[in-house]
Amino acid sequence: MEFEIDEPLVQGIISDEYARARADIERLGPLSALAASQRCHDERLAGAADAGTLACKVGCFWCCYFTIDARAGEVLRILDFVAQNFSAAEQRRVREEIAANSAALSALDDSQRTRQNLKCPFLAQGACTIYEVRPQTCRNYHATNVAGCQQSFEEPDNEDIDPEFAPQVYQSGAAHVDAFTAAMRRTGYDSQAYEFNTALAAALAQPAATRARFDAKLRPFPTIEGFDVPYEFMDEDPG
Ligand code: SF4
């Protein structure tokens, strides 16, 4: 689906979020800054001019079977949330599903991986159990027609599916993520993306060391490969 870039909207969000995120990272640290950024992210999407056209709602979870990526800060926040809010039995179930998904995905290349349908370990009884701390990828929902999401699930090898989406919601979310990622990069923190399940498994295998490496601005997951996600609406890192 084609759309026209709303430059004033996109540039306004980039400059606002970049300045706010940089100040928050330096003042509060990266994880508290991420929490503030995630709250703002939700508000931007809810306030977008076409938010009323979204088809996404509780009980619809086709996209929770797609493989997604997450950043290290998001993984650490999720594991804190799980430790504080999940029962011992639920933590065990989640760990088992993470291990199974990670094992299934780790032998695949990027192209094969993106064509897998695997239930997210945090989807339970048809709802996201970590909604408050879900990754940016999940926060950027923008579908206006469930049929496109369902078709993507049913035909994972079909590269011609062109789902309908809300352009203002999409641009608001993508510009916000560009700016927060740039602020993390500029302040020296790891900003690479990692396959969600393998990053969770790596962090669970070495929780203290992962956190220490992240805080020290080192590669948090030495055993797995991350990658830089190209900016959607920025040409280069801000100064
Ligand atoms: S984290 Fe939540 S929203 Fe994201 S894929 Fe998993 S269950 Fe779905």
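If you're matching positions, the sequence shown starts at 3 in this note's numbering and goes up one per residue.
Built from N, CA and C at the ideal position, the CB exists for glycine as well.
Between which two residues does the alpha helix (DSSP H) carrying Met186 extend?
-> Within the sequence shown, the letter at position 184 stands for residue 186. Where Met186 is concerned, the enclosing alpha helix (DSSP H) stretches over Pro169 to Arg188.
Would you kindly report the start and end of the unbroken alpha helix (DSSP H) that includes Val148?
-> Taking the first residue of the sequence shown as 1, we reach residue 148 at position 146. Here the alpha helix (DSSP H) through Val148 covers Val148 to Glu156.
Which term fits Ala205, buried or exposed, when burial requires 16 or more other beta carbons within 10 angstroms of its beta carbon?
-> Taking the sequence shown and counting its residues from 1, one reaches residue 205 at position 203. The residue is buried, with at least 16 neighbouring Cβ atoms inside 10 Å.
Examine the Cβ distances between the stretch 172-180 and the stretch 79-96 and report whether three or more of them are shorter than 8 Å.
-> no
Is the stretch 58-71 touching the stretch 149-158, taking contact as three or more C-beta pairs under 8 Å?
-> yes
Please indicate yes or no: does the CB of Phe124 lie closer than 7 Å to some heavy atom of ligand 1?
-> Residue mapping note: residue 124 aligns to position 122 of the sequence shown, counting from 1. Under cutoff, so the answer is yes.
Reference Tyr143, options Arg188, Glu99 and Gln170, closest by Cα = Along the sequence shown, read from residue 1 onward, the residue named residue 143 stands at position 141. Of the listed residues, the one whose Cα sits closest to Tyr143 is Gln170.
Through-space distance from Leu220 to Ser193, alpha-carbon basis = Locating residue 193 in the sequence shown gives position 191, counting from the first residue. Locating residue 220 in the sequence shown gives position 218, counting from the first residue. Spanning the two alpha carbons is a distance of roughly 11 Å.
Buried or exposed by the 16-neighbour rule on C-beta atoms within 10 Å, applied to Thr225 | As a position in the sequence shown, residue 225 is number 223, starting the count at 1. Classification of Thr225: exposed, given that the 10 Å Cβ count is below 16.
Quick one: does the C-beta of Cys140 sit closer than 7 Å to a heavy atom of ligand 1?
-> For the purposes of this step, residue 140 is identified with residue 138 of the sequence shown, where counting begins at 1. Answer for Cys140: yes, Cβ within range of ligand 1.
Can you tell me which of the three DSSP states Phe216 falls into?
-> By one-based count along the sequence shown, residue 216 stands at place 214. In the structure shown, Phe216 sits in a helix (DSSP, three-state: H, G or I).
Beta-carbon proximity check, Ala203 vs Ile132, cutoff 8 Å | Taking the sequence shown and counting its residues from 1, the one referred to as residue 203 is at position 201. Taking the sequence shown and counting its residues from 1, the one referred to as residue 132 is at position 130. No, Cβ-Cβ distance for Ala203 and Ile132 is not below 8 Å.
Nearest-angstrom Cα separation, counted from Arg213 out to Leu78 = The sequence position of residue 78 within the sequence shown is 76, counting from 1. The sequence position of residue 213 within the sequence shown is 211, counting from 1. Straight-line Cα distance between these residues: approximately 7 Å.
When every heavy atom of ligand 1 is checked, does at least one fall within less than 7 Å of the C-beta of Phe88?
-> On the sequence shown, residue 88 is found 86 positions in, with the first residue counted as 1. Answer for Phe88: no, Cβ out of range of ligand 1.
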